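Worksheet: one structure, shown below.
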Amino acid sequence: MATSLLNQPISTWLRKKAHWTFPGFFSWKLQIPPKLKYFFWLVCHGKLLTNVERVKRRFAANYYCPVCHDQPETILHMLRDCPAARMIWNSVICLDSISRSMQLDWYGWFFANSQCKKLCYGNLQWCSIFVYTCWHIWKWRNKKVFDVGFHYPFNPGKVVIDSAREWKSANTLKPHQSSKTSVRLFWKKPPMHYFKLNVDGARSINGKIGAGGVLRDSTGAWVSGFYANLGCGSVLQAEAWGLLLGLQMAISHHAHHLLVESDSQVLVSLVQHNVDDMHPLKTITDCCQTLQRQLHSCDLKHVYREVNQVADILSKFGLDAEIGVHFMEQPPPQVNSSLLDDLCGSPRIRTINSEL
Ligand SMILES: [Zn+2]
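Residues 1 to 356 (full-length UniProt numbering) are what the sequence shown spells out, left to right.
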């Protein structure tokens with residue numbers, strides 16, 4: 001396996017450069033989402049868990065790339081030299097100077113890209129696109145490993161550039177530009193001694209319904225989660241079962257002070273106000289109220305789906321799962337990105353017509 005510079009964290013090399021102050025000099029100054037800054041901090045410190053890093057830490061025995069199975073998976077291989085990464089770069093790169101940097105070593109490549117402030121694709125700086133591209137390569141590599149049915153996008157460059165554009169435009173919008181405006185929504189950790197339960201329901205086009213939920217503590221850490229295949233039904237039934245199962249899970253984990261969030265305004269309204277005896281969801285909303293009364297405090301509120309992403313993903317798991325409820329004491333890898341967004345307070349953008 002190639003050693004030397006390729007396996008040396010870039011921060012080690014940077015410390016030798018008196019005029020650089022790491023880690024604040026590069027990614028922290030870019031206009032990119034916090035999770036991308038954190039991701040690149042890991043890259044720069046050689047802490048990204050590629051297979052070479054996992055073998056070093058004795059988490060794995062095989063250091064080969066899980067995508068091409070042809071080379072040891074160093075950070076440089078994963079981000080640039082793997083055929084999958086090359087395919088993505090070929091779809092993104094629009095500058096000759098950057099094309100030529102693909103021949104350089106790790107540091108040469110890194111600095112050619114991170115220092116390039118040329119504007120591309122309208123008004124995006126190349127150094128920002130560079131980080132977005134690395135992030136997507138890592139994200140898709142993980143999907144390839146964990147999702148059996150995952151295929152790389154047909155036009156990966158478009159996905160990368162669209163995500164960079166969307167974030168930039170949402171974060172540079174001026175108020176009153178039009179009748180529509182964008183708001184930044186955040187998932188918030190519950191206060192000290194409180195827990196937060198996010199629940200959701202999903203329905204497929206063939207009528208199957210699923211539910212999911214996640215319980216987190218006041219540090220934002222995962223306590224428990226679930227997904228459920230509920231057979232066939234309406235989306236409101238799915239939402240209601242999501243709440244019921246979530247409350248049962250919270251009680252079993254002694255979450256006596258609970259904040260509950262659902263993105264179904266109808267469900268929240270049904271549970272908060274006593275529904276008509278003839279309502280088809282009367283039994284289940286009554287059960288939810290009974291469970292709420294078992295807690296010392298339980299505040300149920302409606303949130304927009306942008307800040308209910310983890311529960312949304314879990315509810316969709318339910319659609320393809322075995323019939324019944326499946327509890328998880330550890331988060332599945334597919335929700336890691338959304339959990340990190342929540343934890344970092346990454347803003348989710350929602351376009352609205354008037355005030356919230
Ligand atoms: Zn590879």
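A virtual CB, placed ideally from N, CA and C, is assigned to each residue, including glycine.
Since the model is a prediction, treat every value here as computed from it, not as a measurement.
Residue span of the alpha helix (DSSP H) that contains F39, given as start and end:
Element bounds for F39: 34-44.
Buried or exposed for M192, please, with buried defined as at least 16 other CB atoms from any protein chain shown within 10 angstroms of its CB.
That one is exposed.
Check whether the Cβ atoms of L258 and F327 sit closer than 9 Å, and answer yes or no.
Cβ atoms of L258 and F327: not closer than 9 Å.
Considering E239, what are the terminal residues of the alpha helix (DSSP H) in which it resides?
For E239, the enclosing alpha helix (DSSP H) has its first and last residue at 235-252.
Using three-state DSSP, classify V183 as helix, strand or coil.
DSSP places V183 in strand when its eight states are reduced to three.
Any contact of the region 80-96 with the region 122-139, i.e. 3+ C-beta pairs under 8 Å?
In short, these stretches touch, since the Cβ pair count reaches three.
Reference F154; option with closest CA among C127, R184, W109, A84
Closest option to F154, Cα to Cα, is A84.
Give the straight-line distance between the Cα atoms of T50 and D70, rounded to the nearest whole angstrom.
So the two alpha carbons sit approximately 14 Å from each other.
I need the DSSP call for N51, collapsed to helix, strand or coil.
The three-state secondary structure of N51, taken from DSSP, is helix.
Any non-hydrogen atom of ligand 1 within 8 Å of H193 CB:
Because no heavy atom of ligand 1 lies under 8 Å away, the Cβ of H193 does not count as near it: no.
How many Å lie between P156 and S315 at the Cα?
Using only the alpha carbons, I get a separation of about 27 Å.
Does the contact criterion of 3 or more C-beta pairs under 8 Å hold for the region 322-339 versus the region 210-229?
Contact annotation: the region 322-339 touches the region 210-229, with at least three C-beta pairs closer than 8 Å.
Closer than 8 Å to a non-hydrogen atom of ligand 1 - does that hold for the CB of V67?
Yes; taking the cut-off as 8 Å, the Cβ of V67 has a heavy atom of ligand 1 nearer than that.
Rounded distance between the beta-carbons of L291 and M267, thought under 8 Å:
The sequence shown places Leu at residue 267, rather than the Met named in the question. The Cβ separation is near 14 Å, so there is no contact.
What are the partner residues of W89, as DSSP defines its beta bridges?
Its beta-bridge partners do not exist; DSSP assigns none.
Which same chain residues end up closer than 6 Å to I32 when comparing Cβ atoms and leaving out the 5 residues on each side of it in sequence?
Excluding sequence neighbours, I32 sits near S128, V131.
Using only CA atoms, which one of E73, Y121, W126, E322 lies nearest to Q115?
Selected option, being the one with the closest Cα: W126.
Find out if the Cβ-Cβ distance for the pair R80, W109 is shorter than 9 Å.
The answer is yes: Cβ separation under 9 Å.
Identify which residue in H77, S204, K56 has its Cα closest to the Cα of C65.
C65 has its Cα closest to that of H77, out of H77, S204, K56.
Could you tell me which of M102, T74, G242, T283 sits nearest to V55, measuring between CA atoms?
Here the closest residue by C-alpha is T74.
Could you give the uninterrupted runs of the beta strand (DSSP E) lying entirely in the region 287-352, keeping only those of 3 residues or more?
Along the length of the region 287-352, whole beta strand (DSSP E) runs at least 3 residues long occupy 297-302, 324-328, 348-352, reported in chain order.
Can you tell which of G345, R350, T181, H256 has its C-alpha closest to the C-alpha of Y38?
The shortest Cα separation from Y38 among G345, R350, T181, H256 belongs to G345.
CB-CB under 8 Å to D299, same chain, minus the five flanking residues each way: which ones, in chain order?
A distance below 8 Å between beta-carbons, with the five flanking residues on each side excluded, links D299 to the following residues of its chain, in chain order: L258, L259, V260.
Just to confirm, are A250 and G318 a CB contact at a threshold of 9 Å?
Their beta carbons are not under 9 Å apart, which means A250 does not touch G318 by this criterion.
Measure the CB-CB distance between G201 and G242 and report whether it falls below 9 Å.
G242 sits close to G201, with the two beta carbons spaced by under 9 Å.
Between the alpha carbons of L343 and L36, how many angstroms are there, rounded?
Straight through space, the alpha carbons of L36 and L343 are spaced by roughly 13 Å.
What are the boundary residues of the alpha helix (DSSP H) that E166 is part of?
156-172 is the extent of the alpha helix (DSSP H) around E166.
Please work out which residues of its chain come closer than 6 Å, Cβ to Cβ, to E306, disregarding the five sequence neighbours upstream and downstream, and give them in chain order.
For E306, the CB contacts under 6 Å within the same chain, skipping 5 residues up- and downstream, are L185, R348, R350 in chain order.
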